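J.: Residue numbers (the numbering used here): 8 to 71.
For each residue, glycine too, the CB sits at the ideal point set by N, CA and C.
Remember, predicted model here, so these are calculated numbers, not experimental data.
Following this message is one structure expressed as structure tokens.
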């Protein structure tokens, strides 16, 4: 049982270390009502994705 747990941690730990919040896109920063500076990022579109006009409008509303 101990070896299974340690083996699982060996696979999970590196992914946590590689995680970050660096994404490509248009960033907007604003102060929340609680005084916390927040960042909204409109992530770059996937080249093979199909998007509707309403998708862009909804995304814009989230970052306002």
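Have a look at the DSSP bridge pairing and note the partners of residue 44.
T.: Paired residues: 38.
J.: Report the rounded CA-to-CA distance for residue 37 versus residue 59, giving the unit in angstroms.
T.: Approximately 27 Å between the Cα atoms of the pair.
J.: Quick check: what's the CA-CA separation for residue 55 versus residue 62?
T.: So the two alpha carbons sit approximately 15 Å from each other.
J.: What number of angstroms, rounded off, separates the C-alpha of residue 47 from the C-alpha of residue 29?
T.: Near 12 Å, if we compare the C-alpha coordinates of residue 29 and residue 47.
J.: Taking C-alpha atoms, which residue in 68, 33, 71 and 69 lies nearest to residue 49?
T.: With distances taken between Cα atoms, residue 49 lies closest to 33.
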